Every structure is written in C-alpha cells, then in structure tokens.
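S.K.: In full-length UniProt numbering, the protein residues as written are 1 to 771.
Cβ coordinates follow ideal geometry from the N, Cα and C atoms, glycine included.
Note that the coordinates shown come from a computational prediction; the quantities given were computed from them, not determined experimentally.
Got a structure here, written out as structure tokens. Questions coming.
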Amino acid sequence: LNYVAVGCWVWHESFHSRGRSFGLSPACIFRVCSEFRGRAGHKLLLRRKFRIEVRIFVFGDVYREVLIFGLTLSQGSNDGNAKLMRDCKVLGEHDGVMKVTEWQKTYYTTDSGIQSGATTVRTDDDGADYSKKYTYTTTTVTENPAELESQYTLTRAQRVRQAMFPETMVEGKTVLSTQVDLSQQTNVQRLAEPSQMLKTAIIHLINYQDDAELATRAIPELTKLLNDDDQVVVSKAAQIVNQLTQKEASRRALMQSPQMVAAVVRVMQNTSDMDTARATTSILHNLSHQREGLLSIFKSGGIPALVRMLSSPLEPVLFYAITTLHNLLLHQEGAKMAVRLADGLQRMVPLLKKSNPKFLAITTDCLQLLSYGNQESKLIILANGGPEALVRIMSLFSYEKLLWTTSRVLKVLSVCPSNKPAIVEAGGMNALGKHVTGSSQRVTQNCLWTLRNLSDAATKQDGLEGLLQILIGLLANDDKNVLACASGTLSNLTCNNARNKTYVSQNNGVEALIHALLRAGEKEDVAEPVTCALRHLTSRHQDAELAQNAVRMHYGIPPIVKLLNKPHYWPVVKAVVGLIRNLALCSANQPHLRDSDVIPKLVNLLKNAHQDAQKHGSATQQTYQDGVRMEEIVEGCTGALHILARDPANRAMITDLSTIPLFVQLLYSPGDNIKRAAAGVLCELALDKNAALIIDSEGAAAPLMELLHSNNEGIATYSAAVLFRISEDKNADYRKRMSVELTHTLFKHDPAAWEAAQTSLMDSTYVPDEY
Numbered sequence: 001l002n003y004v005a006v007g008c009w010v011w012h013e014s015f016h017s018r019g020r021s022f023g024l025s026p027a028c029i030f031r032v033c034s035e036f037r038g039r040a041g042h043k044l045l046l047r048r049k050f051r052i053e054v055r056i057f058v059f060g061d062v063y064r065e066v067l068i069f070g071l072t073l074s075q076g077s078n079d080g081n082a083k084l085m086r087d088c089k090v091l092g093e094h095d096g097v098m099k100v101t102e103w104q105k106t107y108y109t110t111d112s113g114i115q116s117g118a119t120t121v122r123t124d125d126d127g128a129d130y131s132k133k134y135t136y137t138t139t140t141v142t143e144n145p146a147e148l149e150s151q152y153t154l155t156r157a158q159r160v161r162q163a164m165f166p167e168t169m170v171e172g173k174t175v176l177s178t179q180v181d182l183s184q185q186t187n188v189q190r191l192a193e194p195s196q197m198l199k200t201a202i203i204h205l206i207n208y209q210d211d212a213e214l215a216t217r218a219i220p221e222l223t224k225l226l227n228d229d230d231q232v233v234v235s236k237a238a239q240i241v242n243q244l245t246q247k248e249a250s251r252r253a254l255m256q257s258p259q260m261v262a263a264v265v266r267v268m269q270n271t272s273d274m275d276t277a278r279a280t281t282s283i284l285h286n287l288s289h290q291r292e293g294l295l296s297i298f299k300s301g302g303i304p305a306l307v308r309m310l311s312s313p314l315e316p317v318l319f320y321a322i323t324t325l326h327n328l329l330l331h332q333e334g335a336k337m338a339v340r341l342a343d344g345l346q347r348m349v350p351l352l353k354k355s356n357p358k359f360l361a362i363t364t365d366c367l368q369l370l371s372y373g374n375q376e377s378k379l380i381i382l383a384n385g386g387p388e389a390l391v392r393i394m395s396l397f398s399y400e401k402l403l404w405t406t407s408r409v410l411k412v413l414s415v416c417p418s419n420k421p422a423i424v425e426a427g428g429m430n431a432l433g434k435h436v437t438g439s440s441q442r443v444t445q446n447c448l449w450t451l452r453n454l455s456d457a458a459t460k461q462d463g464l465e466g467l468l469q470i471l472i473g474l475l476a477n478d479d480k481n482v483l484a485c486a487s488g489t490l491s492n493l494t495c496n497n498a499r500n501k502t503y504v505s506q507n508n509g510v511e512a513l514i515h516a517l518l519r520a521g522e523k524e525d526v527a528e529p530v531t532c533a534l535r536h537l538t539s540r541h542q543d544a545e546l547a548q549n550a551v552r553m554h555y556g557i558p559p560i561v562k563l564l565n566k567p568h569y570w571p572v573v574k575a576v577v578g579l580i581r582n583l584a585l586c587s588a589n590q591p592h593l594r595d596s597d598v599i600p601k602l603v604n605l606l607k608n609a610h611q612d613a614q615k616h617g618s619a620t621q622q623t624y625q626d627g628v629r630m631e632e633i634v635e636g637c638t639g640a641l642h643i644l645a646r647d648p649a650n651r652a653m654i655t656d657l658s659t660i661p662l663f664v665q666l667l668y669s670p671g672d673n674i675k676r677a678a679a680g681v682l683c684e685l686a687l688d689k690n691a692a693l694i695i696d697s698e699g700a701a702a703p704l705m706e707l708l709h710s711n712n713e714g715i716a717t718y719s720a721a722v723l724f725r726i727s728e729d730k731n732a733d734y735r736k737r738m739s740v741e742l743t744h745t746l747f748k749h750d751p752a753a754w755e756a757a758q759t760s761l762m763d764s765t766y767v768p769d770e771y
C-alpha cells in the first residue's frame, strides 16, 4: 500500500543524569513531509546516531515509533564511549548532509546541528531579568549511556508503564516460580490476580486515550479527503477511516463527528467503486455497534444509502449493509419507518434466494421486525413472493438460528388473511411440521403457533397425514403451550374434512385427546381446542360412531361434563354442549351421560343463557360473552336435550325439570336454528302422553301452526309431528281438520301427492298412524 505522510514531527528533549548533559538542544523540532512506501512500521533510516521519538500521522492512523539513529553502548564501557564520540565526529557523512540540506531548502533555514555539529541556541527562562542568554551545549556521555538511551526511546504509555510496572519492561528475564503443578495456582498467583487485572486495565486505559486523541486530530483532514474529487484519494481515505473504526476509542471519536459520518454516507451513496463501497459499508457497520453511532447514521440519512447497497453484487457489501440495517431496526427509534419509506422490504425479500444461512438469518429477522404489527409490510412481503421463499428456507435448511428467525416471520404472516392461504399453498404445513420434533424449543414453539394459525386455511389441504400423526404424538407432552397448539391445529384440520377425521380416529386420536384433557384439567387454552377436536371427530364421517364409543371407553364423559360447571368460560361451554350432543347420538352413551348429571346442568345453562339473551329486547341486538353469542348457547343446549330425549328415562327427567314452557317460548325466537331445535325437542317429548298434554296446555298449537308454513323444512316437519301427537286425544273433527292442514302443508310442493292424500281422506275413515 502507498501512503502519503500528512505530517511528521520529530523532537528530542534533553535531560540531566548524574549532573551531566546528554543530547541535543531542548527544543530542537523540525517537520518532515515526504512520501512513504509501506506502513509506518518501516524504519525511517536517516542516520544511526541517536534515539529519538517520532509521531507520524498517516490519514488518521497514528503510529508511534522509535527510530534508532545511534549505537547502543554497554554499561560503563570506555571503549563504547570513545566509539560514540568517534561516531559523533562523522556526523557529516554524505547521507546525513544531503537530508539536512533538503530539509533546509524546503521548510527550515535553521541548522539543527545533527549533521553539521553547529552549536544550538536556546533561550534560558530561569533568569530573573528575563534577558536573552546564549548557552553553548556540548554533547557528553554519562556513566550509564545504555540506560539513558533506553529512556529516550520510551513512548508516553511506556514511560507510564515503566513508572508503575517496571517489571513489565524487562525483556528476556526469567522469573523463577514456586509453582509445581501447572494446573493449580500458587497462593502468590491467586493474590496477584486483582493487581494484574488493575495493571491490564490501566495499560488499556492509557492506550485508549492515545487512540481517541490522535483520531480526533485526524478527523478534519480525513473529512476533506473523503470529499475530494479524486476517487482514488476518496477510496484510500475510506479505507483508512475503516481501519480507525476497528478500535473502540477512535471509533467513538469518529461517531461524534457528524461531518465525518455524513461524508461516509455520501461517498457510499455515490460511489461505483467496489472497494470504496466495501470500506464505507464496513465503516457504518462498525459504527452501528454503539447507540451513538446508530443515531449518527440515522441523522446523516444513512438508511436510504444502506438500502441502496442491498442491490450490490458484492457479498461483503451485502453483509455489512443488512447487518447495519438490522442493528438500526433493533435499537434506533424511527428506523423501521425509514426503511419502509426507502423501499427496504422490496430490496430484502429477493435476498431470501441467497444460500448463506447466516446472511439469511439476519435478513429474515429484519423482515420480522418490519412486518410485526404492520399490515402494509405483510402485503408487500406477499407481493414480492415472500411466503414461497420462507417456506423454501424451512424446507431446505437446518441452521437453528435461521429456522428460528424464519419461523418468527411465518408466525407473523400467519395471522394475515392474505398471506395465510399463500403459505399453505406453498407447502407451509408440511415444511413447518418437519421442525415440530427434533428442533430446539424456540423453533418448535414458533412452528406450532404458526401451524395453529394456518390450520383454519388448510381444512381442504390433502397429504397432511404425516403432520396429523406428529400432532397426535405431541398430545402426550406435558407442556401446556404444546398441548394448546397441537390440539388447536387438530381441531381446525378435522373441521369439515372427513378424510382427516377418519385418519385421526383410526390412529388413537380420540384417546390422546382424552388424556390431554385429563392432564390439562380445566385450563381453558387446552380444554377448548380438545373439546372442539372431539366434537369434530364424533360427527359426520364413517368412523364417527367409533369415536363416540372411544370417548366412553376411555372414561372421557365425566371430565367433559365437568366442564359445564361454573364459572363458565363460554367458548369451552359451547364446544362441550356440541360434543355432548354428538355423544348422545350413540345409545350406549345415554346412561353414562345421565349418570353424570348432564341433563340438569344443560337445563340450568339453557335457562341462564335464555335470560341473558332476553335482556336485549331488539332482535338486532345480541348478547356476547367471551366472544360467544348467548343465542348459540341456547341453540346448543336445546339441540343436546333434543338428542338426549330419545331415551325414555331422559325424556321423563327433562319433562320433570319444567322445561316445556321454555321450549314453547323458544318457538317465538327470531332465529330459525333455535326454532328448529325447540320444535325437535318438543317432538321427542310429545311421545309421552303426559308431556303431550303439557305441551298442548302451554299453547304450543298456535306457534306450531305458524311454523308449518316455514320455508325451513326441518322446522315444518318437527312442527307437524308435534301437532299430530298432541291431537291424538282430541275429537274426530279436530283430528280431521288437523290432518287436512298437515297434509296440505307437507305436500304443498307435490301436487300429485296432494291429490292422492285428498282422495284418501275423502274415501276412508280417518285412522291415525304411528309416527
């Protein structure tokens, strides 16, 4: 590397030792400007006569070096002293004279006396009259020249070290140790640890101060060079600034200069040179390790420049840029909005095609920081193909940190209605399922939450048998979060999907769900998805009856019914009521349900929910508790009692609980679902003569006659059946009018059947059929 020395100051301070003077005049200072090749560590060989100290400023890199101009004399050697005197007499050798002449021609006209031997004039400030005196100083040799020479060569840090820790300055000296076992410290060593730590700290502090001071002096010149028109000069300056940012002290000095940071940002934004781009991005990367540096970058407009560098073809530039942006997003307020406004997301998403896992981990974490809580960012990621790229990463890579950061992004996107189907279509369910087992806990948790969020969009997805098997196995986990996610995903995947219902039922899914419920107790986060999954498995598929029996055989009915106890968490209650209805479809379950006191609990729940719903007189108003409409609870309880009433013992119990007046009142409900459920339970209860009389006495005939003309076929059919049964004890004329009305209602859409029914009624005596 070629460097140009900005300045070189050389001085030698005289001192006295044992009454004798050695050296040049006290203030012999001269400046050298020349071109150096190589780093400042190379010796500047002028003449080997004296030891002096040189400070060289090379574009802000400060090098302190001792240049050897003299010969080392041995302690007390007269021959050595004589040799030094001889060397002093040959100061006019050709090389030395030439250099002095050159210096005098360029900057100085005063002879320093190094080569010519001329006397040096100094001002004596000791006199009381302040008059100018001239003293002629000759060079003499002390009794210990080697010691004096060694003191001349010390830097400031070395002088402090020599004063405080002289033992560290001795080279080649071996200290005998009493340590026998190298694996164990001696008592002296243990006692010396604090002092050694203090020594190291002080030494570091000395060097730290030097770095900061010298970097501060170099900043103005470096800023000018960065603004130079010559791109070669700019590139060299950027590389030197990059070297300065490697040390903490000089780095702090740089970040406190807004002009310097702004110049670096400007160079990075405008350069087309790869080396300059690499140096400038490295500078900002180093500055971003401190909050002051982040603030300086942010205020200098560094974010748009860094976003621009994300399109660089150079891998180091990409790494420095994305890492600096990541630090800004993590720790700098306002950085997220600035990155969004600079189209950072549009530049970051295409980077997901890279193959470096560490680079991808930083990029995906940036996407998570930008998209969390911001719907617009999620849509931008979707528009740029983010879901497909993220699923590809989950499928192909095994680097744990990358899997963690990617699963975090997918978890954020999985709550977006637009991104959710895109992730599912890209194969996200199976890609996430791969890492549910065998990965770190944080990856597993993220994958499970993401699967749960996505599962409601994957109800029609095929080929998920492997994932279903994994989820069934996770139900044996004792972690409540794992149970909640696994059961919630199973609940969604078995909703309206007969294939998944059958697979789970045939692979011990019901048993696993019951055991999970028993372990979780009444914990709402687990109880709700478990009961929902059981509700799905016990209805509308070929193995539904198998699942209904499995619940009873694995002792699931008591803990399920227990969930109806107060205090009510209405989402769980809604799921349990639906599950009880499905379980009641199996006749073998009816006695077990009755023994669990399910009927009184359902009746009380029905009455309470109906009262809450009645508090709102307007039909447009609905009562919500925990996000559940009370009308849904009324409908569910009535439907469950309808199925339970198929058992004679249950019918008598329901009638004895004075429920018929409530069912008759429900016939006036505005919703068809409640009307159908109420008509259905009345249809079952009317099979008993006593119950039929109560139904008639409660005035059910009038609303039932109205419901005969309902467009809902279920409502009309149940209403006709109830009217038919309560008319059995009426006189013949009443029964005939009722029969004509029922026939007209039931066959009004079939003219041929209507004519046949009319002929039958006119030609024969009415004989009631069994229903």
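Name the one or two DSSP bridge partners that Arg629 has.
M.R.: Per DSSP, Tyr624.
S.K.: Locate the alpha helix (DSSP H) running through His331, then write down its first and last residues.
M.R.: Glu315 to His331 is the extent of the alpha helix (DSSP H) around His331.
S.K.: Give me the Cα-Cα distance between Tyr555 and Leu583, rounded to the nearest whole angstrom.
M.R.: The straight-line gap from Cα to Cα measures roughly 13 Å.
S.K.: Residue ranges of each alpha helix (DSSP H) run of no fewer than 4 residues wholly in the segment 368-453, ordered along the chain?
M.R.: The qualifying runs are 375-383, 386-396, 400-413, 419-425 and 428-433.
S.K.: Give the straight-line distance between the Cα atoms of Ala389 and Leu490, rounded to the nearest whole angstrom.
M.R.: Those two C-alpha atoms are separated by around 26 Å.
S.K.: Kindly list the residues whose CB is nearer than 8 Å to the CB of Ile633, restricted to its own chain and excluding five residues on each side of it in sequence; keep chain order.
M.R.: Counting only Cβ-Cβ distances below 8 Å, and skipping sequence neighbours, we find Trp570, Val573, Lys574, Val577, Leu605, Leu606 and Ala609.
S.K.: Between Val530 and Leu513, how many whole angstroms is the CB-CB distance? I'm expecting something under 8 Å.
M.R.: Going by Cβ atoms, the distance from Val530 to Leu513 rounds to 5 Å, so yes, they are a contact pair.
S.K.: Reducing DSSP to helix, strand and coil, say where Gly466 ends up.
M.R.: It is helical.
S.K.: Suppose only complete runs of 4+ residues qualify. What are the alpha helix (DSSP H) ranges in the UniProt repeat "ARM" (658-700), listed by chain order?
M.R.: You should have 660-666, 672-685 and 689-697.
S.K.: Mark Ser398 as exposed unless 16 or more other C-beta atoms lie within 10 angstroms of its C-beta, in which case mark it buried.
M.R.: It counts as exposed.
S.K.: What residues in its chain sit with their C-beta under 7 Å from that of Val424, if we drop five residues either side in the sequence?
M.R.: Excluding sequence neighbours, Val424 sits near Leu454, Ala457, Ala458 and Gln461.
S.K.: Since Val482 contacts Leu474 with CB under 8 Å, what's their CB separation in whole angstroms?
M.R.: Confirmed, about 6 Å.
S.K.: Quick check on DSSP: helix, strand or coil for Pro567?
M.R.: In this structure, Pro567 counts as coil in the three-state DSSP scheme.
S.K.: Roughly how many angstroms separate the alpha carbons of Val415 and Met630, rounded to a whole number?
M.R.: Cα to Cα, the separation comes out at about 27 Å.
S.K.: Going by C-alpha distance, which of Pro703, Met260, Leu432 and Asp688 is nearest Ala678?
M.R.: Measuring from the Cα of Ala678, the nearest candidate turns out to be Pro703.
S.K.: For Ala649, name the three-state secondary structure that DSSP assigns.
M.R.: Note: Ala649 maps to helix in three-state DSSP.
S.K.: For Asp61, count neighbouring C-beta atoms within 10 Å of its own C-beta (all shown protein chains included) and say buried if the count is 16 or more, exposed if not.
M.R.: Caution applies to Asp61, whose pLDDT of 36 falls short of 50 and renders its modelled position unreliable; the value that the coordinates give is listed next. Buried: at least 16 other Cβ atoms inside 10 Å.
S.K.: Whole angstroms are fine: how far does the CA of Glu400 sit from the CA of Thr502?
M.R.: Rounded to the nearest angstrom, the two C-alpha atoms are 35 Å apart.
S.K.: Counting beta carbon pairs with one atom in the segment 257-267 and one in the segment 288-301, are three or more of them shorter than 8 Å?
M.R.: Taking 8 Å as the limit for Cβ pairs, the verdict is that the segment 257-267 does touch the segment 288-301.
S.K.: For a test of the three-state rule: what should DSSP assign to Met85, helix, strand or coil?
M.R.: In this prediction, Met85 has a pLDDT of 41, which is less than 50 and means its spatial position is unreliable; what the coordinates show is noted afterwards. The answer is helix: DSSP assigns Met85 an H, G or I state.
S.K.: Using DSSP with H/G/I as helix, E/B as strand and the rest coil, what is Asn242?
M.R.: The answer is helix: DSSP assigns Asn242 an H, G or I state.
S.K.: Return yes when the Cβ of Asn508 is within less than 8 Å of the Cβ of Asp557, no when it is not.
M.R.: The amino acid at residue 557 is misidentified as Asp; the sequence shows Ile. No, they are not a contact pair.
S.K.: What do you get for Lys675, buried or exposed, if any count of 16 or more other CB atoms within 10 angstroms of its CB means buried?
M.R.: Looking at its Cβ environment, which holds 16 or more other Cβ atoms inside 10 Å, Lys675 is buried.
S.K.: Who are the Cβ neighbours of residue 800 in its own chain at under 8 Å, not counting the five residues just before and after it?
M.R.: Limits of the chain in this structure are 1 at one end and 771 at the other, which puts residue 800 out of reach.
S.K.: If we count the other Cβ atoms within 10 Å of its Cβ and call it buried at 16 or more, is Val241 buried or exposed?
M.R.: It counts as buried.
S.K.: When DSSP labels each residue in this structure, what does Ala520 get in the three-state scheme?
M.R.: Reduced to three states, the DSSP call for Ala520 is helix.
S.K.: Between which residues of its own chain and Thr223 is the CB-CB distance below 8 Å, once the five residues before and five after are set aside?
M.R.: Result list for Thr223: Ser257, Gln259, Met260 and Ala263, in chain order.
S.K.: From Pro648 to Lys615, what distance separates their C-alpha atoms?
M.R.: Whole-angstrom Cα-Cα distance: 34 Å.
S.K.: Of the residues Leu396, Ser439 and Val391, which one's Cα is nearest the Cα of Gly427?
M.R.: Cα-wise, what sits closest to Gly427 is Val391.
S.K.: For Leu534 versus Val551, is the C-beta distance shorter than 8 Å?
M.R.: The answer is yes: Cβ separation under 8 Å.
S.K.: Taking all protein chains shown into account, decide if Pro600 is buried (16 or more other Cβ within 10 angstroms of its Cβ) or exposed.
M.R.: By the 10 Å Cβ count, Pro600 comes out exposed.
S.K.: Please state the DSSP three-state secondary structure of Cys366.
M.R.: Reduced to three states, the DSSP call for Cys366 is helix.
S.K.: Please state whether DSSP places Cys555 in a helix, a strand or coil.
M.R.: The sequence given here has Tyr at residue 555, not Cys. DSSP places Tyr555 in coil when its eight states are reduced to three.
S.K.: Would you check if the distance between the CB atom of Gln368 and the CB atom of Thr324 is smaller than 8 Å?
M.R.: Not in contact: Gln368 and Thr324 (Cβ atoms no closer than 8 Å).
S.K.: Ile694 and Ile660 - do their beta-carbons sit closer together than 8 Å?
M.R.: Against a cut-off of 8 Å, the Cβ pair of Ile694 and Ile660 comes out as a contact.
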